[in-house]
Amino acid sequence: MTASFSIVIAASGTVSVVVSPDAGLLVSGQTLQFKATVYNSSNQGVTWSASAGTISSTGLYTAPQVSSGTWTYRVWATSTAYPAKSDTVMVVVTPLVIPLQITTSSLPEVITGATYTETLAASGGKSPYHWKLTSGTLPQGLSLASTGVLSGSTAQTGPFTLTFQVTDSSWPVQLTASQQFVLQVSSLVEITTTLLPEITAESDYDAPMAGVGGTTPYHWSISTGTLPKGISLASTTGDFTGTTSQTGQFSFTVKLTDSSSPPQTARGSLGNCHSGAEYRC
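Right under this line is the structure:
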């Protein structure tokens with residue numbers, strides 16, 4: 000192990016000023032405590048100054064803010080008793096760089112035929128940022144701008160695994176960050192059942208509702224109106240089941256919600272009259 004030192008040798012009786020440490024390497028805003036020794040003088044007072052940044056009367060230096068590159072500044076200590084005596088040290092300052100990271104955690108689902116716009120976000124590093132797709136293939140009709148805006152319209156469906164990379168504007172070395180996403184493209188959810196079998200009072204009833212598009216699993220519910228007593232709608236399967244003794248006209252609306260993010264919904268208004276009547280969508 001080796002170590003380097005510097006020694007100032009002054010002639011006997013000669014006043015000299017020595018600053019320690021003899022150099023500094025800081026990032027913007029960082030501080031460094033300097034100390035000055037005045038040799039061959041009982042007066043140890045010094046006046047501190049710097050070419051950039053600030054330095055206190057006790058020698059505490061604060062590096063200036065720099066946005067890029069590497070900057071070299073000077074720090075002086077001058078004897079108050081002997082103003083012609085001083086010492087200078089060099090301080091190298093580089094930017095304070097916060098690590099670059101992608102802050103977008105997921106992408107909203109794309110609906111076929113609909114206009115889609117989503118902006119990828121990042122933090123840290125130095126803006127402006129530059130975005131690109133490094134892995135996977137976008138659905139036909141969608142594109143990624145260098146600003147991070149993902150937009151367009153597509154007729155393709157399915158999950159698309161994509162990796163995006165962001166690069167900042169730091170200099171001389173640019174920072175990068177990458178993240179993988181799964182972009183889900185689904186068709187518009189809709190209820191396809193247009194007619195339900197008739198119900199006969201006092202008879203067992205079992206009739207399923209059907210839907211297409213969106214993302215399964217589906218959730219079924221009655222959003223308005225009331226079912227005949229004894230008839231229920233299964234939320235997970237969409238099946239109407241049960242037995243009823245009621246007769247008359249019952250109007251209600253069936254709501255279908257998919258598992259998209261955000262979820263899609265579809266509604267069908269139905270009416271029923273028992274003993275030979277039909278539900279109509």
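Going by numbering that gives the first Met the number 0, the final residue of the sequence shown carries number 280, and the count climbs one at a time with no gaps. Glycine is no exception: its CB is placed at the ideal position from the N, C-alpha and C atoms.
(1) With DSSP as the reference, label Lys-84 as helix, strand or coil.
(2) Which word fits Asp-257, buried or exposed, when buried means at least 16 other C-beta atoms lie within 10 angstroms of its C-beta?
(3) Taking 8 angstroms as the threshold, find out whether the segment 134–151 comes into contact with the segment 113–124 through three or more Cβ pairs.
(4) Alpha carbons only, please: which of Pro-98, Glu-197, Pro-107 is nearest the one belonging to Thr-175?
(5) Contact check, Val-188 vs Gly-224 under 8 angstroms by CB: the rounded distance?
(6) For Ser-185, I'd like the list of residues in its chain whose CB is within less than 8 angstroms of its CB, leaving aside the five on either flank, ordered along the chain.
(7) What's the C-alpha gap between Val-14 and Val-92?
(8) Out of curiosity, what's the CA-to-CA distance linking Ile-230 and Thr-242?
(9) Going straight from the alpha carbon of Tyr-81 to that of Trp-130, what length do you get?
(10) Pull up the DSSP beta-bridge partners for Pro-207, would you.
(11) What does DSSP give as the partner residue(s) for Gly-157 in the beta ladder?
(12) Please classify Leu-232 as buried or exposed, where buried requires at least 16 other C-beta atoms within 10 Å of its C-beta.
(13) Would the segment 48–55 count as touching the segment 67–83 if we require 3 or more Cβ pairs under 8 angstroms?
(14) Pick out whichever of Ser-41, Gly-12, Ser-55, Ser-66 has its Cα sitting closest to the Cα of Ser-27.
(15) Please classify Asp-86 as buried or exposed, where buried requires at least 16 neighbouring CB atoms within 10 angstroms.
(16) Leaving out the 5 sequence neighbours to the left and right, which residues in its chain are closer than 7 angstroms to Gly-52 when beta-carbon positions are compared?
(17) Pull up the distance between the alpha-carbon of Pro-261 and that of Trp-70, whole angstroms please.
(18) Where does the unbroken beta strand (DSSP E) through Trp-75 begin, and where does it stop?
(19) Would DSSP call Lys-125 helix, strand or coil?
(20) Under DSSP, the beta strand (DSSP E) around Phe-33 begins and ends at which residues?
(21) Measure the C-alpha to C-alpha separation of Thr-79 and Gly-44 and round it to an integer number of angstroms.
(22) Do Gly-12 and Asn-39 have their C-beta atoms closer together than 8 angstroms?
(23) At the level of alpha carbons, what is the spacing between Ile-101 and Thr-252?
(24) Is the beta carbon of Phe-239 sitting closer than 8 angstroms to the one on Ala-206?
(25) Spatial neighbours of Glu-265 within its chain, please: C-beta separation below 6 angstroms, excluding the five flanking residues on both sides.
(26) What first and last residue would you give for the beta strand (DSSP E) that runs through Gln-248?
(27) Residues bridged to Ile-54 by DSSP?
(28) Identify, in the order they occur along the chain, each residue of the same chain with its Cβ nearer than 7 angstroms to the Cβ of Leu-106, setting aside the five sequence neighbours on each side.
(29) Could you spell out where the beta strand (DSSP E) holding Ser-41 opens and where it closes?
(30) Please return the same chain residues whose Cβ sits closer than 8 angstroms to the Cβ of Ala-113, not counting the five positions on each side in sequence.
For this structure:
(1) By 1-based counting over the sequence shown, the position of residue 84 is 85. In this structure, Lys-84 counts as coil in the three-state DSSP scheme.
(2) Taking the sequence shown and counting its residues from 1, one reaches residue 257 at position 258. The residue in question, Asp-257, is buried, as its Cβ has 16 or more Cβ neighbours within 10 Å.
(3) yes
(4) On the sequence shown, residue 175 is found 176 positions in, with the first residue counted as 1. For the residues Pro-98, Glu-197, Pro-107, the minimum Cα distance to Thr-175 belongs to Pro-98.
(5) Translated into the one-based positions of the sequence shown, residue 188 becomes position 189. Translated into the one-based positions of the sequence shown, residue 224 becomes position 225. In fact, because the Cβ distance is near 21 angstroms, the residues do not count as touching under 8 angstroms.
(6) In the sequence shown, counting from the first residue as 1, residue 185 sits at position 186. Around Ser-185: Glu-108, Val-109, Ile-110, Thr-111, Thr-156, Gly-212, Gly-213, Thr-214, Asp-257, Ser-259, Gln-263.
(7) What you label residue 14 is simply residue 15 of the sequence shown in a count that begins at 1. What you label residue 92 is simply residue 93 of the sequence shown in a count that begins at 1. Whole-angstrom Cα-Cα distance: 31 angstroms.
(8) For this step, residue 230 is matched to residue 231 along the sequence shown. For this step, residue 242 is matched to residue 243 along the sequence shown. C-alpha separation (whole angstroms): 6 angstroms.
(9) Within the sequence shown, the letter at position 82 stands for residue 81. Within the sequence shown, the letter at position 131 stands for residue 130. Cα to Cα, the separation comes out at about 59 angstroms.
(10) As a first step, residue 207 is located in the sequence shown; it is residue number 208 there, counting from the start. Paired residues: Asp-238.
(11) Position 158 of the sequence shown, counted from the start, is the residue given in the question as residue 157. Answer is Val-184.
(12) Position 233 of the sequence shown holds residue 232. Buried.
(13) yes
(14) Translated into positions along the sequence shown, residue 27 becomes position 28. Measuring from the Cα of Ser-27, the nearest candidate turns out to be Ser-66.
(15) Working through the sequence shown from its first residue, we reach residue 86 at position 87. Buried, since its Cβ has 16 or more Cβ neighbours within 10 Å.
(16) Residue numbering aside, residue 52 sits at position 53 when the sequence shown is read from its first letter. Answer for Gly-52: Tyr-60, Thr-61, Ala-62, Pro-63, Tyr-72, listed in chain order.
(17) Residue numbering aside, residue 261 sits at position 262 when the sequence shown is read from its first letter. Residue numbering aside, residue 70 sits at position 71 when the sequence shown is read from its first letter. Going by the C-alpha atoms only, they are around 49 angstroms apart.
(18) To locate residue 75, count along the sequence shown from 1; it is residue 76. Start and end: 70–78.
(19) In the sequence shown, the residue the question calls residue 125 occupies position 126. DSSP places Lys-125 in coil when its eight states are reduced to three.
(20) Along the sequence shown, one-based indexing puts residue 33 at 34. No beta strand (DSSP E) contains Phe-33, which DSSP labels as neither H nor E.
(21) Against the sequence shown, residue 79 aligns to sequence position 80. Against the sequence shown, residue 44 aligns to sequence position 45. About 6 angstroms.
(22) Counting from one through the sequence shown, the residue named residue 12 turns up at place 13. Counting from one through the sequence shown, the residue named residue 39 turns up at place 40. It is a contact, given that the beta carbons lie within the stated cut-off.
(23) For the purposes of this step, residue 101 is taken as the residue at position 102 of the sequence shown. For the purposes of this step, residue 252 is taken as the residue at position 253 of the sequence shown. Straight-line Cα distance between these residues: approximately 43 angstroms.
(24) Position 240 of the sequence shown, counting from 1, holds the residue named residue 239. Position 207 of the sequence shown, counting from 1, holds the residue named residue 206. Yes, Cβ-Cβ distance for Phe-239 and Ala-206 is below 8 angstroms.
(25) Position 266 of the sequence shown holds residue 265. Strictly speaking, residue 265 in this sequence is Ala, with Glu absent from that position. Answer for Ala-265: Val-188, Glu-189, Ile-190, Leu-255, listed in chain order.
(26) In the sequence shown, residue 248 corresponds to position 249, counting from 1. Run containing Gln-248: 248–256, per the beta strand (DSSP E) assignment.
(27) Position 55 of the sequence shown holds residue 54. Paired residues: Tyr-60.
(28) Taking the first residue of the sequence shown as 1, we reach residue 106 at position 107. Same-chain partners within the cutoff: Glu-117, Phe-180, Leu-182.
(29) For the purposes of this step, residue 41 is identified with residue 42 of the sequence shown, where counting begins at 1. Neither: Ser-41 is in no beta strand (DSSP E) and is coded neither H nor E.
(30) By one-based count along the sequence shown, residue 113 stands at place 114. Once the five neighbours on either side are set aside, the close Cβ partners of Ala-113 are Ser-152, Leu-187.
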